[in-house]
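**Q** Numbered per UniProt numbering, the sequence shown finishes at 222, counting up by one with no gaps. Take this structure, written in structure tokens, and hold onto it; I'll ask about it next.
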Amino acid sequence: MRINVLQHTPDEGPGTIKEWADNHDYELYVYHPYMFGMLPTAAETDFLVILGGPMSPNNGIPWIEQERELIQQLVKDHKPIFGACFGAQQITKVFGKQVVKSPAKEVGWASVYLQSDQIPGLPHQLTALHWHEDCCELPDQAELLFSSDLVQQQGFLIGDNIIGLQFHLEPTQDNVHEMIVNDGRYALDHNDLQQTPTEIDTTPVPSENKTAMFQLLDFLTH
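This is the structure:
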């Protein structure tokens, strides 16, 4: 299987998604369209992963629109797609819904609560990393997957092959350090979770996050 990862900022990489791919001996290729303007074709994509980033899907940037064209083709081909944060927002736009200002800016660690029983074995609660001030409308075809205390729409499932999460399960501890040293100031301005960069950085990544991430990826590729 060839997994194509779309990365949108240097400090938000695939994290444990790469570990999952390595465990299965899958090929994993990381693209940086924001820098090089390169995207894979649908034909060479068996599984698409769309990561987070500081940009908005509402920005009229050519590569952002080209990403959505790729997603649309993969939807038609019924290939697995996983999106985190900006990635989930891109999927939402493909399905005709809007990305809007979130009722709360969430930067830091906060609980998310499972809202669906469609994916076996997921815990009812996880402490996930949040890094957003926009959120997605729920696509008509989607089932609500997770909610948080401040934002109801935190994740969705479409059919048996598309998952979008507004939060992050993929970061390792090193990934969190990298996000903080490069973009920790984002937590300081009107952060409804009221966590400082130091508090976010020194919170251990829960071990169950990797387990849940692997469960989601296994579900998409079963």
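Cβ atoms here follow ideal geometry from the backbone N, Cα and C, with glycine treated the same way.
Quick check: what's the CA-CA separation for H132 versus T198?
**A** 18 Å
**Q** Kindly indicate which three-state DSSP category H190 falls into: helix, strand or coil?
**A** For H190, the three-state secondary structure derived from DSSP is coil.
**Q** Under a three-way DSSP split, which group does Y26 fall into?
**A** coil
**Q** Tell me whether E19 sits in a helix, a strand or coil according to DSSP, three-state version.
**A** helix
**Q** Who are T127's beta bridge partners in DSSP?
**A** S111
**Q** Please list the terminal residues of the continuous alpha helix (DSSP H) segment that includes L70.
**A** P62 to K76
**Q** Could you spell out where the beta strand (DSSP E) holding L51 opens and where it closes?
**A** Neither: L51 is in no beta strand (DSSP E) and is coded neither H nor E.
**Q** In angstroms with no decimal places, state the Cα-to-Cα distance between Q89 and G164.
**A** 8 Å
**Q** Between P57 and I64, is the Cβ-Cβ spacing less than 8 Å?
**A** yes
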